Amino acid sequence: MKYSFMIHNSKFMPKRKRKTTHSSINSKSKKNQVSKKRNDKKGYETVEIEINPETAAEITAIIFILLGVLIILSLTGVFGVAGTSISRFLYELFGWSAPIFSISLIILGVVRFYHDKYKIGMVNYLGFLMLNIWVPSLIHLFIDSEKSYEVALDGAGGGFIGHYIGNSLKTSVSFTGAFILFAAFIIISFLILFNTSFKDFSKNWNQILLKIVTTFHH
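For the numbering used here, add 434 to where a residue sits in the sequence shown, where the first one is 1.
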């Protein structure tokens with residue numbers, strides 16, 4: 435992975451001599467000026483820093499996990515004034531599923547650590563986005579439609595996502611139909627997030643749970 439930076443080098447450039455009035459020299463100078471504008475506009479040069487793809491993957495994984503942990507601290511009220519504002523915003527947006535948003539960030543970070551096994555791309559981020567849309571929408575199905583907006587405003591139910599998506603679908607296709615759709619969407623979101631089949635996902639998840647149980651047992 436390469437990162438480009440623009441560095442001004444005018445202090446190190448030699449002073450240009452005054453152009454003569456000869457037409458041939460003027461035309462040549464104009465050509466040189468055009469090429470300089472293309473290659474080195476206003477005395478800036480491009481410096482590229484190349485980062486190992488594995489290192490870049492681990493950096494992004496740490497960022498995702500850190501964000502997830504900070505959000506959990508905010509939701510539990512131990513992150514000060516800033517945490518209170520973040521908590522209020524997330525609860526209004528996601529409702530009771532706000533903790534799931536932070537957990538899914540951590541999961542995304544963990545998956546990013548195993549980039550050699552799970553290829554991370556736009557598909558995985560799409561699964562992350564879908565998961566945090568369908569879960570609050572499903573939760574908000576259990577909220578009375580007449581009180582849907584007030585509940586979302588209080589940071590309960592499925593928040594404003596649940597109000598505008600979940601409640602709208604419930605009034606259109608009934609509670610049962612909306613529940614089945616959102617449940618299916620959530621399963622699909624998990625599969626997209628891990629970019630794996632349902633069979634492989636179940637197998638890997640069982641192995642993870644077994645390792646956790648074994649660790650705590652010892």
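Don't be surprised by glycine CBs; every beta carbon is placed ideally from N, CA and C. Predicted model only: the values in this text are computed from it and were never measured.
Whole-angstrom C-beta distance between G589 and E526, which should lie under 8 Å: With 8 Å as the limit, E526 and G589 qualify as a contact, their Cβ atoms being about 5 Å apart.
Neighbourhood of S623 by C-beta, 7 Å cutoff - its chain only, sequence neighbours within 5 removed: Cβ within range, chain order: G561, M564, L565, W568.
Separation of F547 from L504, as counted between CA atoms: The straight-line gap from Cα to Cα measures roughly 19 Å.
Sufficient close CB pairs (3 or more, under 8 Å) joining the segment 571-586 to the segment 597-608: Cβ pair count under 8 Å is three or more, so yes.
Nearest-angstrom Cβ-Cβ length linking G382 and G502, presumed shorter than 8 Å: In the structure as shown, the chain begins at 435 and stops at 652. Residue 382 is therefore absent and cannot be evaluated.
Buried or exposed (CB count within 10 angstroms, at least 16 for buried), P570: Flag for P570 reads buried.
Beta-carbon proximity check, S508 vs I493, cutoff 8 Å: Against a cut-off of 8 Å, the Cβ pair of I493 and S508 comes out as no contact.
Host alpha helix (DSSP H) of Y583 (start-end): Where Y583 is concerned, the enclosing alpha helix (DSSP H) stretches over 582-587.
Reference G596, options I614, H574, S608, closest by Cα: G596 has its Cα closest to that of H574, out of I614, H574, S608.
Rounded Cβ spacing between N558 and L500 (contact assumed at less than 8 Å): Contact between N558 and L500 does not hold, since their C-beta atoms are separated by about 18 Å, which reaches or exceeds 8 Å.
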